[in-house]
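What follows is one structure encoded as structure tokens, with my remarks underneath.
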Amino acid sequence: MVSVSSALNLADLQGNILRGYGKQYVRHLVLSVASSAAARRWLFDATSGDEGAAPQITNAEPWDERRRTCVNIGITQTGLAALGVSPSSLNSFPHEFVAGMAARNMLLGDTGPSDPSNWKEEWRGEGVDLMISVYADDAADRSATADRILATRGAFGLRAALDGEGFAGGLVHFGYRDSISQPQFYGVHDPDDRRDDQPFVEVGAMLLGHATPIENLRWEVPQPNVLGSNGSFNAFRVLEQQVAEFEDFLSACADALIKNPLSETLLPPGTENQWDPPMSRHAALREMVAAKMLGRWRNGVPLALAPTTPSPQPRIDDAGLNNYGYASDPDGQRCPIGSHMRRSNPRDAKTVQRNTNHARRLIRRGIPYGPQYNPSNPVKAERGLLGSFMCASLTGQFEAIQYDWTNLGLQDPRITGSNDPVLGNNDPLFSLFSFPVGEDAVKFRGFSRFVHTRGGAYLFQPSISAIRYLAALSGGRTSNAR
Ligand code: HEM
1 MVSVSSALNL
11 ADLQGNILRG
21 YGKQYVRHLV
31 LSVASSAAAR
41 RWLFDATSGD
51 EGAAPQITNA
61 EPWDERRRTC
71 VNIGITQTGL
81 AALGVSPSSL
91 NSFPHEFVAG
101 MAARNMLLGD
111 TGPSDPSNWK
121 EEWRGEGVDL
131 MISVYADDAA
141 DRSATADRIL
151 ATRGAFGLRA
161 ALDGEGFAGG
171 LVHFGYRDSI
181 SQPQFYGVHD
191 PDDRRDDQPF
201 VEVGAMLLGH
211 ATPIENLRWE
221 VPQPNVLGSN
231 GSFNAFRVLE
241 QQVAEFEDFL
251 SACADALIKN
261 PLSETLLPPG
271 TENQWDPPMS
281 RHAALREMVA
291 AKMLGRWRNG
301 VPLALAPTTP
311 SPQPRIDDAG
321 LNNYGYASDP
331 DGQRCPIGSH
341 MRRSNPRDAK
351 TVQRNTNHAR
361 RLIRRGIPYG
371 PQYNPSNPVK
381 AERGLLGSFM
391 CASLTGQFEA
401 IQYDWTNLGL
411 QDPRITGSND
421 PVLGNNDPLF
431 SLFSFPVGED
441 AVKFRGFSRF
451 VHTRGGAYLF
461 QPSISAIRYL
471 AALSGGRTSN
481 AR
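Quick note: the sequence shown uses my numbering, first residue 1, plus one each step.
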């Protein structure tokens, strides 16, 4: 599966970027630097190869599958300054990273309930300096490793410990199966043992200092080279999901659809009896709306391959779930142009900015937080996604997707002005989700946003040699957690 070109030194890369760990438990420690010297000492210990000195930051070498916990680190611009990075070096980082996620809120659709002034306490104000993430197969190992990190004398101030836990079947809140589509990279993944038939992308879409998919242009590497090279960025987002509202919306759409003659073309009557399990007409139309909003049925089967059933025959196995494009569905009759997935990755569809089709790829490492929603016992609780969206350029990839494609629909004039129905910053006054049915279209209006941003940060994920470089700096902040 992984066959690395000699240009890439996996031992120098943090481990969760090009390949996920598949661990069920995560704890993200949101930290401030209490003492620069003590924090740098921890960075030194955590890359020393000595597990006894500190839990080691996991690199990207093919790891021992029995490794029980993995540790990674992301640092904000205030964190880099606190560790002693010079102003001129900080200045060489991209503008949006230096500004920070909260300052970019208008571009990200973080307004109203998602406005940074409504974020959770730990994300507000100064002092989000770094995030150390612990991934484990069980909750006890996660706690043990996280506690060791927090016990480091004088190094960090704890702002929050955010726990995520994977659900059975790879589901996330809203009930969809996630983590099916991830980019594969030239020089990393084996073209003779591909995960799916999607085009490979240049590794510079993820790592600084390498050729990117945009006509082989390179993103500028923050200086000095040892700090910037082989690093990447992570847009970390705490995304609260309004699950009950989402489910109510599906019901309201099914109520409307069942009276709409177009539903007979959308889902020929009786089709739902062939589903596995068979469903009532109303329940099937609910599922159809959920699929049209995302681009996949909730079990992961793509609309592009199975437009009228989540249980096609012959069955699509896991390996086939990502083998499709949109070129043969130019109008979105099967998979709506405005659906979450087609917006986020238009694949081979015609787009206004044609050269960006495969250039804005993201690695997504998300995990749910909060209790799984049970419609027969709908407990009120905060629940959502701890989402890591990784890339080489926050503006060129993450923000471009979130702004141009998600919030504005600029990729295709037919959806321009509408917002992503699952994720977007929707307001009942203007919201519109529309998809074609033959020559006509189904339109739903008047819905609110189902995802509220509750916090987040732009993090730089340095290479291992960059972490050692940081460990050897001097100056920075000397005392007191902020
Ligand atoms: C709570 C918020 C979100 C939920 C519930 C969600 C859910 C999903 C699901 C279920 C999939 C399909 C699974 C797969 O193919 O792997 C998906 C795909 C995807 N999502 Fe999200 N997502 C969320 C936020 C975001 C954000 C913030 C972005 C980026 C700005 C994003 C970008 C993508 C991309 C790029 C894909 C893959 C599309 C493809 O390759 O075809 N998602 N999402």
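Note that the Cβ used here is the ideal one computed from N, Cα and C, for glycine as well.
Check	Outcome
On the premise that Ala359 lies in contact with Ile214, defined as a C-beta separation below 8 angstroms, what is that separation, rounded to the nearest angstrom?	5 angstroms
For a minimum of 4 consecutive residues, which ranges assigned as the alpha helix (DSSP H) are wholly contained in the stretch 197-281?	225-228, 243-258 and 262-266
Nearest by alpha-carbon distance to Pro310: which of Val30, Thr76 and Leu267 is it?	Leu267
Going by the DSSP bridge assignment, what does Asn59 pair with across the sheet?	Gln14
Between the alpha carbons of Lys259 and Ala252, how many angstroms are there, rounded?	12 angstroms
Kindly say whether His358, judged by its beta-carbon, lies nearer than 9 angstroms to any beta-carbon of chain D.	Of the protein chains in the structure, only one exists, and it is not chain D.
Just mark Leu429 as buried or exposed, buried being the case when its beta carbon has 16 or more other beta carbons within 10 Å.	exposed
Over the uninterrupted beta strand (DSSP E) stretch that includes Ser32, give me the two end residues.	Tyr25 to Val33
Helix, strand or coil: how does DSSP classify Phe156 here?	strand
From which residue to which residue does the beta strand (DSSP E) around His452 run?	Val451 to Gln461
Whole-angstrom Cβ separation of Leu423 and Arg40, contact assumed at under 8 angstroms?	That pair is no contact at about 38 angstroms.
Could you name the residues that DSSP lists as bridge partners for Ser388?	Phe236 and Arg365
Using only the alpha-carbon positions, how far apart do Ser92 and Pro375 sit?	50 angstroms
Would you mind stating whether Met288 and Leu257 have Cβ atoms separated by less than 9 angstroms?	yes
Shorter than 8 angstroms, the distance from the beta carbon of Ile180 to the closest heavy atom of the ligand HEM, or not?	yes
State the start and end residues of the unbroken alpha helix (DSSP H) segment that holds Phe430.	Note, Phe430: premise wrong, no alpha helix (DSSP H); not H, not E.
Should the stretch 330-345 be regarded as contacting the stretch 400-415, the criterion being three or more beta carbon pairs within less than 8 angstroms?	yes
Suppose the cutoff is 8 angstroms on Cβ atoms and the five residues either side in sequence are ignored; what does the same chain contact list for Ser479 look like?	Residue placement at Ser479 is poorly supported in this model, since its pLDDT is 47, which falls under 50; the coordinates are not used for a value here.
Count the other C-beta atoms from every protein chain shown that fall within 10 angstroms of the C-beta of Lys443, then say buried if there are 16 or more, exposed otherwise.	exposed
Would you tell me roughly how many angstroms separate the C-alpha atoms of Val221 and Ala381, rounded to the nearest one?	42 angstroms
Throw me the rounded Cβ distance for the Pro55 and Thr152 pair, which I believe falls under 8 angstroms.	That pair is no contact at about 10 angstroms.
Can you tell me which of the three DSSP states Tyr469 falls into?	helix
Give the secondary structure of Val352 by DSSP, where H, G and I count as helix, E and B as strand, and everything else as coil.	coil
Closer than 8 angstroms: is that where the CB of Gln241 sits relative to any heavy atom of the ligand HEM?	yes
Any idea what DSSP makes of Leu321, helix, strand or coil?	coil
Is the separation between the beta-carbon of Ser114 and that of Gln242 shorter than 9 angstroms?	no
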